[in-house]
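Residue numbers (this note's numbering): 516 to 775.
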């Protein structure tokens, strides 16, 4: 008889489910809306991360052609044909040759030099601006995602307090759902923000390296144009010097005479 009463009491006890979906359902429209916003932030962040990483890898891979093929050409126009048409390096070369053509129309030499330098600088800025596209979104997500999650946390705690006030007691079945929702929102906010911050800093560092390479290349282009093709990058000069030194270090061929 006692076991039957205990079994009946267990069957009569309320069955509460405390899972992610149950917590979100208790939160209602506001909880689902905040979750949707953070999902959009997360998807956008990873999309920008992978697309920008692919773009940066492409630019750095194309730089190998600059070091190995471009400067070996007889002129800038011949070297331009060895670069991809849509590459950042080809854009700098095309802008440099255009500035050189416009240089001949200027009578003031100082003004002409400034014009060529400014043309290359504008080309660099255009490329750097394109590479930096999307990074402000990552910075925004990293800065705001924790606060969006905190908004869900505040709403969840508020709902827990309302349930306590209505029930007149802080029983676990009244506050577990809202408090669980609040903790979930906090965790999701951090999960969205942390990858965005890491991605922003990593991509920004790679962009800085590419900007340095672009500036060095434009400087070499300007020096090459102003010297009528005689001045080339230092690494090309060093390679040529090492090759010449190795050739000079080889012992000269000796001839032997046989005495009869």
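For every residue, glycine included, the Cβ atom is placed at its ideal position computed from N, Cα and C.
Beta-carbon proximity list for residue i, same chain, < 6 Å, skipping 5 on both sides
i, result
"residue 753", "Annotation note: pLDDT 47 at residue 753 (below 50); position unreliable, no value reported."
"residue 584", "597"
"residue 747", "586"
Residue i versus the options, residue with shortest Cα-Cα distance
i, options, result
"residue 545", "590, 668, 593, 723", "668"
"residue 666", "641, 702, 633", "702"
"residue 645", "568, 694, 712", "568"
"residue 543", "697, 555, 657", "697"
"residue 574", "611, 601, 563", "601"
"residue 547", "671, 738, 615", "671"
"residue 633", "563, 614, 723", "614"
"residue 660", "721, 616, 711, 647", "711"
Three-state secondary structure (DSSP) of residue i
i, result
"residue 728", "helix"
"residue 657", "helix"
"residue 719", "helix"
"residue 546", "helix"
"residue 742", "coil"
"residue 587", "helix"
"residue 710", "helix"
"residue 698", "helix"
"residue 759", "Reliability fails at residue 759, whose pLDDT of 39 lies under 50, so the model's placement of it is uncertain and the value that follows must be treated cautiously. Helix."
The alpha helix (DSSP H) enclosing residue i, as first and last residue numbers
i, result
"residue 612", "603-618"
"residue 648", "It is not in any alpha helix (DSSP H) - residue 648 carries neither H nor E in the DSSP assignment."
"residue 591", "591-595"
Cutoff 8 Å; reference residue i; Cβ partners in own chain excluding five residues on either side
i, result
"residue 607", "635, 638, 639, 642, 729, 732, 733, 736"
"residue 605", "595, 598, 599"
Cutoff 7 Å; reference residue i; Cβ partners in own chain excluding five residues on either side
i, result
"residue 663", "549, 552, 553, 704"
"residue 654", "715"
"residue 652", "559, 563"
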